[in-house]
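Participant: Structure below; questions to follow.
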Amino acid sequence: MSKVEFNKETGPREVFCGLTSIVWLHRRMPDAFFLVVGSRTCAHLIQSAAGVMIFAEPRFGTAILEEKDLAGLADAHEELDRVVNDLIARRPEIKTLFLVGSCPSEVIKLDLATVAEKLNKRFLGQVRFVNYSGSGIETTFTQGEDGALKALIPLMDSSNEEKLLLVGTLANNVEDRFKKIFKNLGISNIESFPPRQSTELPKIGKNTKVLLTQPYLSDTVRDLKHRGCEIISAPFPLGIEGSTKWFLAAAKAFKISELKVHEIISPLINRSKLALESHKEILKGKRLFLLPESQLEISLARFLHNECEMDLIEVGTPYLNKDLMKEEINLLPDNTKIVEGQHVEKQLDRVRESNPDLVVCGMGLANPLEAEGISTKWSIEMVFSPIHGIDQAADLAGLFSKPLRRNQILTSKTLVTH
Amino acid sequence: MELTLWTYEGPPHVGAMRIASSMKDIHYVLHAPQGDTYADLLFTMIERRGQRPPVTYTTFQARDLGGDTAELVKKNIKEAVDRFKPKTLLVGESCTAELIQDQPGALAKGMGFDMPIVNLELPAYSKKENWGASETFYQLTRTLLKEKVSSSEKISPLRWKELGRRPKVNILGPSLLGFRCRDDVIEIQRILSEQGIDTNVVAPLGASPEDIERLIDAEVNVCLYQEIAEASCEWLRRNFGMEYTNTIPIGIKNTIEFINEIHNKLDLPLTNKKELEHKSKLPWYSKSVDSNYLTGKRVFIFGDGTHAIAAAKIAKEELGFEVVGLGTYSREMARQVRATAKDLNVEALITNNYLEVEDAMKKAAPELVLGTQMERHSAKRLGIPCSVISTPMHVQDVPARYSPQMGWEGANVIFDDWVHPLMMGLEEHLIDMFKHDFEFVDGHQSHLGHTATQTKNFINSDEKKEKNSKEGIIWTESGRAELTKVPFFVRGKVKTNTEKYAILRGIPEISDETLYDAKAYFS
Ligand code: SF4
Ligand code: SF4
């Protein structure tokens, strides 16, 4: 057991709110639509987080509350009804409509659960309505996914069939890889949650063995437990070490021998170690500071220290579920400083004082830090890139070595200057 | 409730952030939940700024709501003042804080600071970004200058003569996240200085609170961007008698008119009137024979009020285009845009819904779109060339090179930016001459070859709908075959015209002959 130092910090934060999860969830489930019930700020947030305006018609939108909606809740319900009707008329291919609560809708106590219930009756057999909150007063960034998944659990039928359930959004190619490896191990009944179609929800029950792919799913895990699912305790499948232990934990739950696992994954491990070398050369001995945003920070810190030999200055996380993170924390080096929450100004003071070689942070902070001469990596890239699994370890390391390599190129003195 | 997929403007507090971030020695305490901090990235990523916006968010959470959020506000204000030591403090709230009614501005004022505090009340449920920017700039100007109102005499535009110095003006309106503002300021200052006019203050971009207090040292205000500066200019006129200019110097004619307007106000003789037209290449480039092909090109224009109006004038009078659509998302500028549209015989489109704009664009079947990034995407889908002329900002709209929109250089930039998405004259000419050559059937058209297939799809999918349309017009095999032979860049127009003709004549089916009849009729 390592002697990890836990700290809590409160103050002004610099993190995305839970609405941001929509940006990857809507790509995962193309038959779903995410309707935020919120303000112009909420609309602007997802637009800005989605970055480029590339979609013909995005599968998300905002029902923007206006002055008259605030005056009376009854009117707001009626208005929401109207907006939903318009939306469904326009997008008849939608199968699941998520009503996503925001700060304003929560503060005025708009009861989206009741609205969803009514709409479910009206659109029975056509569209399913689900509600959850992605508000910034309740959730940060990745926690929105936790809310969305938790909201789907009551819709999942029961089944006592033995299966492995991978929980948390993965890139499709990564998911396919995992399924293939599990099949080689002898686990053939594998499903994913969220599924690739919102209507194809896996059935769950007491023989469902849940393996988490993402660390930010506390509420989802709790509800899956309530439904009788068994949660396999494991670190997260980031890097060779995390992925190996993750496969081993699953194998153990399915009574598959360790030997078999090693037999199947050691060629992958060898290949991946080789690929990791060139990145390790750059990362080794470099000092890393992780600002809180995605809740992936602890797993990333573990990978970057244990496999890439980086030194950890501080590991920030917006929220810490010690239970879910137990296996990860055990793998951290002694005296790792974990800081839950944030006071962005004080944290930035510590960044400057410690003069790190690389900072993992949100997009709002990256350029200002670069301007101060500190290399950065955006946390949001971690939730969009395929980074999970043994095969992706080098790619994951590459996300961090690239900014350092770039700085080397740009400051190199090989060109003669006059 | 308004359903939005993409929006042209952010909430009003983002407008306030634009003012705060544009200026020096100002700090903005924003009562807001953590997620609202996304707005920082508009400045650090889109504008590529190397500094964080000078904004402290109170970051209240659900668990704070039962307790004392007011205390949280005060704590954050105190910390921000201690840390950043601003010369002026802006205090405001985002949409969520507005609902919990802590009145942070009033709280700040009760805290005993000696710096000026501007209490921003920006109704988030009825107003938007540009309004928020305008109101913030206005409140700031008013707060910093209100003590001088009574003591000051009305400022005559001729004061410079009495004082025996060159006339001085303020340039008001440019801000961060404004379209090419940084370069516009340089261009306009250069033009003014050539005319013997000094710049007193540029605000908000680059100004400090002291600069705002110095605004009244100038004789006249240049209202460079009405969306942001008009309210302040009007207040300065009412309270200090300062006159302000109305012409936005985008395009040659407007730049000349702008120079004339300011000279008239200042009673300054125009020394080099004849030279003006030759300051920019646009007039000659536009006259050169290569530009013949620009004649009557159908353009669709949509953007903020200032840029859309200016674009319409340039398109028609300086490039010889035909404006087939004009609109804006700036409701505050609706009146002016409507007036311009009326002059051009088109109906102004005032909307916040980009899908409506896309529909209008489709209907107008233009050959060029001048719009925002949103229209760029719509145009791409329709296979129409497009140039971006207005906010909302995209990282592409913050180019590294000098590329103003205003003044002489701005006109050069506009000529290039608008014409390059089209085919060059000679190229189009050749295609026209050889249009029956197999090279020029679909998929083989020059630069725009890759979009041609999209054009075809767009027409095909339109045809499907068309069959079910009220008019019930059907394109026969021969009609459709003939239509595909028409070069893609005029195909939309030919199609619309032919259908118009068919409806006019009550022809239910369009054959190749109908197409030629229509061509003869409209030529
Ligand atoms: S923090 Fe709240 S108000 Fe702000 S964007 Fe997120 S949900 Fe909307
Ligand atoms: S796209 Fe083809 S036709 Fe056009 S300039 Fe290039 S090479 Fe020539």
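Chains as they are written, first to last, in the working numbering: chain A, 6 to 423; chain B, 1439 to 1961. Just so you know, even glycine gets a beta-carbon here, dropped at the ideal spot from N, CA and C.
Are LEU1614/B and GLU1485/B touching if we call contact CB-CB under 9 Å?
Facilitator: Working through the second sequence from its first residue, we reach residue 1614/B at position 176. Working through the second sequence from its first residue, we reach residue 1485/B at position 47. Closer than 9 Å, so yes.
Participant: Measure the Cβ-Cβ separation of ARG1814/B and VAL1826/B and say whether it is below 9 Å.
Facilitator: Along the second sequence, one-based indexing puts residue 1814/B at 376. Along the second sequence, one-based indexing puts residue 1826/B at 388. Yes, these two residues count as a Cβ contact at 9 Å.
Participant: Could you check whether ALA153/A and PHE103/A sit closer than 9 Å to each other, using their CB atoms as the reference points?
Facilitator: In the first sequence, the residue the question calls residue 103/A occupies position 98. In the first sequence, the residue the question calls residue 153/A occupies position 148. Against a cut-off of 9 Å, the Cβ pair of ALA153/A and PHE103/A comes out as a contact.
Participant: Provide the residue span of the beta strand (DSSP E) that contains CYS366/A, from first to last.
Facilitator: Translated into the one-based positions of the first sequence, residue 366/A becomes position 361. Note, CYS366/A: beta strand (DSSP E), 363 to 366.
Participant: Mind checking the region 85 to 97 of chain A against chain B and listing, in chain order, the residues whose C-beta falls within less than 8 Å of any C-beta there?
Facilitator: Flagged, chain order: LEU85, ARG87, VAL88, ASP91 and LEU92.
Participant: Using only the alpha-carbon positions, how far apart do ASP1621/B and LYS1754/B sit?
Facilitator: The count along the second sequence starts at 1 and reaches residue 1621/B at position 183. The count along the second sequence starts at 1 and reaches residue 1754/B at position 316. Taking the straight line joining both Cα atoms gives about 25 Å.
Participant: Mind listing the chain B neighbours of HIS31/A? Cutoff is C-beta to C-beta under 8 Å, in chain order.
Facilitator: By one-based count along the first sequence, residue 31/A stands at place 26. Correct list: empty, because the minimum Cβ distance to chain B is about 12 Å.
Participant: Is DSSP giving GLY66/A helix, strand or coil here?
Facilitator: Within the first sequence, the letter at position 61 stands for residue 66/A. Three-state DSSP puts GLY66/A in a strand.
Participant: Indicate whether LEU1418/B and HIS1451/B have their beta-carbon atoms separated by less than 9 Å.
Facilitator: Nothing can be reported for residue 1418/B: it is not among the residues displayed for chain B, which extend from 1439 to 1961.
Participant: Is the beta carbon of PHE38/A sitting closer than 9 Å to the one on LEU78/A?
Facilitator: Translated into positions along the first sequence, residue 38/A becomes position 33. Translated into positions along the first sequence, residue 78/A becomes position 73. Not a contact, by the Cβ cut-off of 9 Å.
Participant: Among ASN1790/B, LEU1662/B and THR1766/B, which residue has its Cα nearest to the Cα of ALA1779/B?
Facilitator: Walking along the second sequence from the start, residue 1779/B turns up at place 341. The residue with the shortest Cα to Cα distance from ALA1779/B is THR1766/B.
Participant: If you follow the alpha helix (DSSP H) that LYS230/A is part of, which residue opens it and which one closes it?
Facilitator: Mapped onto the first sequence, residue 230/A falls at position 225. Residues 223 to 231.
Participant: Identify each residue in the region 1466 to 1492 of chain B for which the Cβ-Cβ distance to at least one residue of chain A is less than 7 Å, and report them in chain order.
Facilitator: Correct list: PRO1471, GLN1472, GLY1473, ASP1474, THR1475, TYR1476, ASP1478, LEU1479, LEU1480, THR1482, MET1483, ARG1486, ARG1487, GLY1488, GLN1489 and ARG1490.
Participant: Per DSSP, what are the beta-bridge partners of GLU235/A in this structure?
Facilitator: The residue you call residue 235/A lines up with position 230 of the first sequence. LYS214/A, per the DSSP bridge assignment.
Participant: Report buried or exposed for GLN1843/B, applying the criterion of at least 16 other Cβ atoms within 10 angstroms of its Cβ.
Facilitator: Here residue 1843/B refers to the residue found at position 405 of the second sequence. It counts as buried.
Participant: Express the C-alpha separation of ASP1655/B and SER1426/B in angstroms, rounding to a whole number.
Facilitator: Given a span of 1439 to 1961 for chain B in the structure shown, any question on residue 1426/B remains unanswerable.
Participant: Please state the DSSP three-state secondary structure of ASP1552/B.
Facilitator: Translated into positions along the second sequence, residue 1552/B becomes position 114. In the structure shown, ASP1552/B sits in coil (DSSP, three-state: anything other than H, G, I, E or B).
Participant: Work out the CA separation of PHE1678/B and SER1961/B for me, nearest whole Å.
Facilitator: On the second sequence, position 523 is the one that residue 1961/B refers to. On the second sequence, position 240 is the one that residue 1678/B refers to. Answer to the nearest angstrom: the Cα atoms are 58 Å apart.
Participant: Please list the residues of the region 100 to 115 of chain A that have a C-beta atom closer than 9 Å to any C-beta atom in chain B, keeping them in chain order.
Facilitator: Answer set for the region 100 to 115 of chain A: SER107, CYS108, PRO109, GLU111, VAL112 and ILE113.
Participant: Under the three-state reduction of DSSP, which class applies to GLU1854/B: helix, strand or coil?
Facilitator: To locate residue 1854/B, count along the second sequence from 1; it is residue 416. The sequence given here places Asp at residue 1854/B; Glu does not occur at that position. It is helical.
Participant: Is the CB of ALA1508/B under 9 Å away from at least one CB in chain A?
Facilitator: The residue you call residue 1508/B lines up with position 70 of the second sequence. No, because no Cβ of chain A sits closer than 9 Å to the Cβ of ALA1508/B.
Participant: The alpha helix (DSSP H) with GLY1821/B in it runs from where to where?
Facilitator: Walking along the second sequence from the start, residue 1821/B turns up at place 383. Here GLY1821/B belongs to no alpha helix (DSSP H), and DSSP marks it neither H nor E.
Participant: Using 9 Å as the limit for Cβ to Cβ distance, is GLN52/A near chain B?
Facilitator: Residue numbering aside, residue 52/A sits at position 47 when the first sequence is read from its first letter. Output row for GLN52/A: interface = yes.
Participant: Under the criterion of a Cβ to heavy atom distance below 8 Å, does GLY313/A qualify as lining ligand 1?
Facilitator: By 1-based counting over the first sequence, the position of residue 313/A is 308. A quick correction: the sequence has Cys, not Gly, at residue 313/A. The answer is no for CYS313/A.
Participant: Answer with yes or no whether the minimum CB distance from ASN1514/B to chain A is below 9 Å.
Facilitator: In the second sequence, counting from the first residue as 1, residue 1514/B sits at position 76. Closer than 9 Å to some Cβ of chain A, the Cβ of ASN1514/B qualifies, so yes.
Participant: Using the beta-carbon of each residue, which ones in chain A are nearer than 7 Å to ARG1773/B?
Facilitator: If you number the second sequence from 1, residue 1773/B lands on position 335. Those within 7 Å of ARG1773/B in chain A number zero; the least Cβ separation is about 22 Å.
Participant: Spatial neighbours of GLY233/A within its chain, please: CB distance less than 7 Å, with the 5 preceding and 5 following residues excluded, ordered by chain position.
Facilitator: Against the first sequence, residue 233/A aligns to sequence position 228. Once the five neighbours on either side are set aside, the close Cβ partners of GLY233/A are GLY210 and LYS211.
Participant: Compute the distance between the beta-carbons of PHE308/A and VAL364/A, then report whether it is under 9 Å.
Facilitator: Looking up residue 308/A in the first sequence gives position 303. Looking up residue 364/A in the first sequence gives position 359. Contact flag unset, no.
Participant: Does at least one heavy atom of ligand 1 sit under 8 Å from the Cβ of THR1507/B?
Facilitator: The residue labelled residue 1507/B in the question sits at position 69 within the second sequence. THR1507/B: no, Cβ never under 8 Å from ligand 1.
Participant: Tell me, please, whether the CB atom of GLU19/A is closer than 9 Å to any CB atom in chain B?
Facilitator: For the purposes of this step, residue 19/A is identified with residue 14 of the first sequence, where counting begins at 1. So, interface residue.
Participant: Please classify ILE392/A as buried or exposed, where buried requires at least 16 other C-beta atoms within 10 Å of its C-beta.
Facilitator: Taking the first residue of the first sequence as 1, we reach residue 392/A at position 387. When all chains shown are included, ILE392/A counts as buried.
Participant: Quick check on the DSSP output: what are the complete beta strand (DSSP E) runs of length 3 or more inside the region 1754 to 1806 of chain B, in order along the chain?
Facilitator: Runs of the beta strand (DSSP E) inside the region 1754 to 1806 of chain B: 1760 to 1766 and 1786 to 1788.
Participant: Would you tell me roughly how many angstroms separate the C-alpha atoms of THR1789/B and LEU404/A, rounded to the nearest one?
Facilitator: Here residue 1789/B corresponds to residue number 351 of the second sequence, with the count starting at 1. Here residue 404/A corresponds to residue number 399 of the first sequence, with the count starting at 1. Near 42 Å, if we compare the C-alpha coordinates of LEU404/A and THR1789/B.
Participant: Expressed to the nearest angstrom, what Euclidean distance is found between the alpha-carbon atoms of PRO1830/B and ILE270/A?
Facilitator: Sequence index remark: in the second sequence, residue 1830/B carries index 392 (1-based). Sequence index remark: in the first sequence, residue 270/A carries index 265 (1-based). Taking the straight line joining both Cα atoms gives about 50 Å.
Participant: Between which two residues does the beta strand (DSSP E) containing TYR1466/B stretch?
Facilitator: Numbered from its first residue, the second sequence carries residue 1466/B at position 28. Taken as a continuous stretch (DSSP letters only), the beta strand (DSSP E) holding TYR1466/B covers 1464 to 1469.
Participant: Against chain A, with Cβ distances strictly below 9 Å, would ILE1822/B count as a contact?
Facilitator: The residue labelled residue 1822/B in the question sits at position 384 within the second sequence. Chain A, which has no Cβ nearer than 9 Å to the Cβ of ILE1822/B, makes this no.
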